[in-house]
DNA sequence: GGAGGCCTCCAAAGCGCTTTGGATGGTTGC
DNA sequence: GCAACCATCCAAAGCGCTTTGGAGGCCTCC
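Residue numbers (our numbering), protein chains in the order written: chain A, 3 to 347; chain B, 3 to 347.
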């Protein structure tokens, strides 16, 4: 069943049927009624491809996922998509996913534009100074960045968590408990979020006049072994940390594995705070959560980014929008006062 | 730059240009040369939407991701998509992602078909008797299942790992090491893969005449706390297991956390074998991997499923294709002989 | 030398929708 | 009573590609 057939059945022109269905004003209320009823009855659904060709709008959002040299795919991404996807389907948008080698990422955006495949894109994991933002502005493709880079924030649309403040608060929390040797297991610091987290950590130390020790800071892919290896390493040194801040639960689990092997109890012998993206397969809940954590829902961010982008696409005014989310600091079982003997370690 | 403009520049008809670019035989070799050169020079890329409308083919693969009641999104999915996505981009297919509530999954497939949005779909995580296979056959949409359900295997296309054999081998391996109390931490057993794993485990026990103890079998979402909680529970009972088989590294990490807290060394006091989907963010490598594991690459499965589906779509003959992959059994540090005192526990 | 065949190329008709630019007929205002 | 004006509807021209059904020219073969 297509438009023409439906029109014939109704003894109307395709024009009128199209307008009736798309809510244009120049059609009689009764006619519109008849048309919508018939459409429902015969199960008419407009061919999206034809619609796209005619309107030039694709009703599709693009997500370009680079596969980096180390072949690591960001586990956070699936959760983000779960959130964004919910919103897409309620507003009947599609999303297309381009998984490409990092080196071909720019090309991927260009073809997306050249082939008019998408009305807009979401940019994931921005780097310190991210060329993709320039590229997209140049291409004139609407976009929302999940995160920020370093340019003036008013120049583009983004949604970010306050990474600096979250890690400042986490560090402060540990300082309040008497810890002075606090390690940071961070993500790769060319990613802007990681750089900001580092900043927050460092700011907190500086404010209290606690010396910054580079030997306590690690930055790498946020996988479990990062937590395990760096913890084993630090705890084998003299003057080890009494507290560890990690950038993801995965890393925190690695820390726990290392401390477990050494017979240390987290929350007593050593304190751990992790950032928690609230991933569905890494729960940190219960009456008293396993980890004390700064928490911000990535799925929620996905939902909101999708909404922002669709709003931008659909509105005439394309002025940038921003949202800065604060993370919760929730107390769990993994933190406690600094052990007396180690207090000024 | 569109076809017509390019044709004008070349002083050729759109017909000929189109044919030259799409490799039809009825065009002179020199002409074809000229056309492709010009296309490259002017950066001409055919409008995919127009192409789709004209051909009726969408060059797009669909992935419908149900969000289940527990709001858990399958972490394996991202990795699968990384593999599939690689292949899509090299063969210049797109993939669209529909994230929908579980209850609306059938509708999602129907609209995909009604709107001719995809040429085929990949079905993820099939259940014991999966209605989606019936639905897709009824809708006449080409599809490949990642996994199998319980119907005759010749009736549809699938790629699966030999879950039964993998878990049979894992169980055998532990039995060979003298273990007799072997626990299984499985996924939800309405998923076919989990049911088959259970089967393999049970078959191995039966063959050796080792009694099957339901108290040693858990089935739930494969998250870290499943490993932790069930291990704590089992080890608190009298007659605890001396070995544990888990369905994912995430669960195995939970086991390790529990045993770590109890001061048990894996590979000595307790043995652990896990299935390893070879997820990029859960590495289990190194000279001697942390876990002894049955391993099969989900990313590889993604690649292959995508290829199979595209082949099916592009070939005239649509007879079902199947592939059954065997998992490797790689030995790591988490297994060892059953401690003497517990040998016939 | 004319029929038949092959190699190249092209005009034009779709694919299914939107949208521009009227047409039609009934109302309104003076 | 006539012009101006709505409210409704429609014909037809795209959107950018593919594909059908030739057409024209040259070669071959008897």
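Beta carbons are placed, not taken as given, at the ideal position from N, Cα and C, and that holds for glycine.
Item to check | Where the region 212-232 of chain B meets chain A: residues whose CB sits under 8 angstroms from a CB there | outcome: Here the close residues are 223, 224, 225, 226 and 227.
Checklist entry - Can the beta-carbon of residue 244 of chain A be found less than 8 angstroms from the beta-carbon of residue 200 of chain A? => result Here residue 244 of chain A refers to the residue found at position 242 of the first chain. Here residue 200 of chain A refers to the residue found at position 198 of the first chain. Result no, Cβ atoms of residue 244 of chain A and residue 200 of chain A do not sit closer than 8 angstroms.
Checklist entry - Nearest CA to the CA of residue 57 of chain A: which residue from A/168, A/251, A/120 and A/211? => result For the purposes of this step, residue 57 of chain A is taken as residue 55 along the first chain, with counting starting at 1. For the residues A/168, A/251, A/120 and A/211, the minimum Cα distance to residue 57 of chain A belongs to A/120.
Item to check | Contact set between residue 102 of chain B and chain A, taken where Cβ atoms lie within less than 7 angstroms | outcome: Counting from 1 along the second chain, the entry for residue 102 of chain B is found at position 100. Ordered by position in chain A, the residues that pass the 7 angstroms Cβ test against residue 102 of chain B are 91.
Checklist entry - So does the region 286-303 of chain A actually touch the region 258-277 of chain A, counting three or more Cβ pairs closer than 8 angstroms? => result Judged by Cβ distances under 8 angstroms, the region 286-303 of chain A makes contact with the region 258-277 of chain A, as three or more pairs qualify.
Item to check | Any chain A beta carbon closer than 8 angstroms to residue 350 of chain B | outcome: Outside the shown range of chain B (3 to 347) lies residue 350 of chain B, about which nothing can therefore be said.
Next on the checklist: Going by DSSP, what residue range makes up the beta strand (DSSP E) through residue 148 of chain A?
Outcome noted: Numbered from its first residue, the first chain carries residue 148 of chain A at position 146. Looking at the DSSP string, the run of the beta strand (DSSP E) that includes residue 148 of chain A is 145-148.
Checklist entry - Bridge partners of residue 2 of chain A, per DSSP? => result Chain A is shown from 3 up to 347; residue 2 of chain A falls before or after that span and cannot be answered.
Checklist entry - Nearest chain B C-beta to residue 44 of chain A closer than 8 angstroms, yes or no? => result Taking the first chain and counting its residues from 1, one reaches residue 44 of chain A at position 42. Taking Cβ atoms only, chain B never reaches closer than 8 angstroms to residue 44 of chain A, which makes this a no.
Next on the checklist: Residues of the region 236-255 of chain A in Cβ contact with chain B at a cutoff of 7 angstroms, in chain order, please.
Outcome noted: Within the region 236-255 of chain A, the residues whose Cβ lies closer than 7 angstroms to some Cβ of chain B are 252 and 255, listed in chain order.
Item to check | Separation of residue 151 of chain A from residue 326 of chain A, as counted between CA atoms | outcome: Walking along the first chain from the start, residue 326 of chain A turns up at place 324. Walking along the first chain from the start, residue 151 of chain A turns up at place 149. If you take the alpha carbons of residue 326 of chain A and residue 151 of chain A, they lie about 13 angstroms apart.
Next on the checklist: Can you tell me whether residue 32 of chain A is helix, strand or coil according to DSSP?
Outcome noted: Position 30 of the first chain, counted from the first residue, corresponds to residue 32 of chain A. Three-state DSSP puts residue 32 of chain A in a helix.
Item to check | Backbone CA spacing between residue 82 of chain B and residue 64 of chain B [nearest angstrom] | outcome: Numbered from 1 along the second chain, position 80 holds the residue referred to as residue 82 of chain B. Numbered from 1 along the second chain, position 62 holds the residue referred to as residue 64 of chain B. Answer to the nearest angstrom: the Cα atoms are 13 angstroms apart.
Checklist entry - Using a Cβ cut-off of 8 angstroms, which residues of the region 113-144 of chain A contact any Cβ in chain B, in chain order? => result Residues of the region 113-144 of chain A whose Cβ lies closer than 8 angstroms to any Cβ of chain B, in chain order: 113, 116, 117, 118 and 119.
Checklist entry - Is it buried or exposed for residue 9 of chain A, if we count other Cβ within 10 angstroms and need 16 for buried? => result Here the question's residue 9 of chain A lines up with position 7 in the first chain. Burial state of residue 9 of chain A is buried, judged by a 10 Å Cβ sphere holding 16 or more other Cβ atoms.
Checklist entry - If you measure beta-carbon to beta-carbon, which residues of the region 23-55 of chain A are closer than 7 angstroms to chain B? => result So the list reads 47, 49, 50, 51, 52, 54 and 55, given in the order they occur along the chain.
Checklist entry - What are the boundary residues of the alpha helix (DSSP H) that includes residue 269 of chain B? => result As a first step, residue 269 of chain B must be located in the second chain, where it is residue number 267. DSSP places residue 269 of chain B in no alpha helix (DSSP H); its state is neither H nor E.
Next on the checklist: Among A/218, A/61 and A/179, whose alpha-carbon lies nearest the alpha-carbon of residue 270 of chain A?
Outcome noted: Here residue 270 of chain A is taken as the residue at index 268 of the first chain, counted from 1. Between residue 270 of chain A and the set A/218, A/61 and A/179, the nearest pair of CA atoms involves A/179.
Checklist entry - Roughly how many angstroms lie between the CA atoms of residue 53 of chain A and residue 46 of chain B, to the nearest whole one? => result Position 51 of the first chain, counting from 1, holds the residue named residue 53 of chain A. Position 44 of the second chain, counting from 1, holds the residue named residue 46 of chain B. Roughly 23 angstroms separates the two Cα atoms.
Item to check | Per DSSP, the bridge partner or partners of residue 297 of chain B | outcome: Counting from 1 along the second chain, the entry for residue 297 of chain B is found at position 295. Residue pairing by DSSP places residue 297 of chain B opposite B/278 and B/330 in a beta bridge.
Item to check | Cα-Cα separation between residue 207 of chain B and residue 96 of chain B, rounded to whole angstroms | outcome: To locate residue 207 of chain B, count along the second chain from 1; it is residue 205. To locate residue 96 of chain B, count along the second chain from 1; it is residue 94. Each residue's CA atom was taken as its position, placing residue 207 of chain B and residue 96 of chain B some 46 angstroms apart.
Item to check | Residues from the region 75-90 of chain B in contact with chain A, defined by Cβ distance under 8 angstroms | outcome: Result list: 75, 76, 77, 79, 80, 81, 83, 84, 86, 87, 88 and 90.
Next on the checklist: Which residue wins for smallest C-alpha separation from residue 66 of chain B, given the options B/136, B/55, B/126 and B/27?
Outcome noted: In the second chain, residue 66 of chain B corresponds to position 64, counting from 1. Its Cα nearest to that of residue 66 of chain B, the residue B/126 stands out among B/136, B/55, B/126 and B/27.
Checklist entry - Distance, Cα to Cα, residue 59 of chain A vs residue 118 of chain A? => result As a working note, residue 59 of chain A is residue 57 in the first chain. As a working note, residue 118 of chain A is residue 116 in the first chain. Residue 59 of chain A and residue 118 of chain A have their C-alpha atoms roughly 8 angstroms apart.
Item to check | Cutoff 8 angstroms: residue 262 of chain B Cβ touching any chain A Cβ | outcome: Mapped onto the second chain, residue 262 of chain B falls at position 260. Yes, residue 262 of chain B counts as interfacial toward chain A.
Checklist entry - Quick one: Cα of residue 192 of chain B to Cα of residue 143 of chain B, how far? => result Along the second chain, read from residue 1 onward, the residue named residue 192 of chain B stands at position 190. Along the second chain, read from residue 1 onward, the residue named residue 143 of chain B stands at position 141. In a straight line, the C-alpha of residue 192 of chain B is about 25 angstroms away from that of residue 143 of chain B.
Next on the checklist: Assuming residue 208 of chain A is part of the alpha helix (DSSP H), what are its boundary residues?
Outcome noted: For the purposes of this step, residue 208 of chain A is taken as the residue at position 206 of the first chain. Counting along the chain, the alpha helix (DSSP H) containing residue 208 of chain A begins and ends at 194-210.
Next on the checklist: For a test of the three-state rule: what should DSSP assign to residue 51 of chain A, helix, strand or coil?
Outcome noted: Taking the first chain and counting its residues from 1, the one referred to as residue 51 of chain A is at position 49. Of the three classes helix, strand and coil, the one that applies to residue 51 of chain A here is helix, per DSSP.
Checklist entry - At a Cβ threshold of 8 angstroms, is residue 95 of chain B touching chain A? => result Counting from one through the second chain, the residue named residue 95 of chain B turns up at place 93. Using beta-carbon distances, residue 95 of chain B does not count as an interface residue toward chain A, since no partner is under 8 angstroms.
Next on the checklist: Please state whether the Cβ-Cβ distance between residue 188 of chain A and residue 221 of chain A is less than 8 angstroms.
Outcome noted: Stepping through the first chain from its first residue, residue 188 of chain A is reached at position 186. Stepping through the first chain from its first residue, residue 221 of chain A is reached at position 219. It is a contact, given that the beta carbons lie within the stated cut-off.
Item to check | Reduced DSSP category for residue 121 of chain A - H, G, I as helix; E, B as strand; rest coil | outcome: On the first chain, residue 121 of chain A is found 119 positions in, with the first residue counted as 1. In the structure shown, residue 121 of chain A sits in coil (DSSP, three-state: anything other than H, G, I, E or B).
Checklist entry - Under a three-way DSSP split, which group does residue 11 of chain B fall into? => result Within the second chain, numbered from 1, the residue matching residue 11 of chain B stands at position 9. Reduced to three states, the DSSP call for residue 11 of chain B is helix.
Item to check | Where residue 139 of chain B falls, given that 16 or more other Cβ within 10 Å makes a residue buried | outcome: One-based indexing of the second chain puts residue 139 of chain B at position 137. Around the beta carbon of residue 139 of chain B, fewer than 16 other beta carbons sit within 10 angstroms, so the residue counts as exposed.
Checklist entry - In whole angstroms, what is the alpha-carbon distance linking residue 164 of chain B and residue 132 of chain B? => result Position 162 of the second chain, counted from the first residue, corresponds to residue 164 of chain B. Position 130 of the second chain, counted from the first residue, corresponds to residue 132 of chain B. Each residue's Cα considered, the two are about 18 angstroms apart.
Checklist entry - How big is the Cα-Cα spacing for residue 33 of chain B and residue 41 of chain B? => result The residue given as residue 33 of chain B occupies position 31 in the second chain. The residue given as residue 41 of chain B occupies position 39 in the second chain. For residue 33 of chain B and residue 41 of chain B, the distance between alpha carbons rounds to 12 angstroms.
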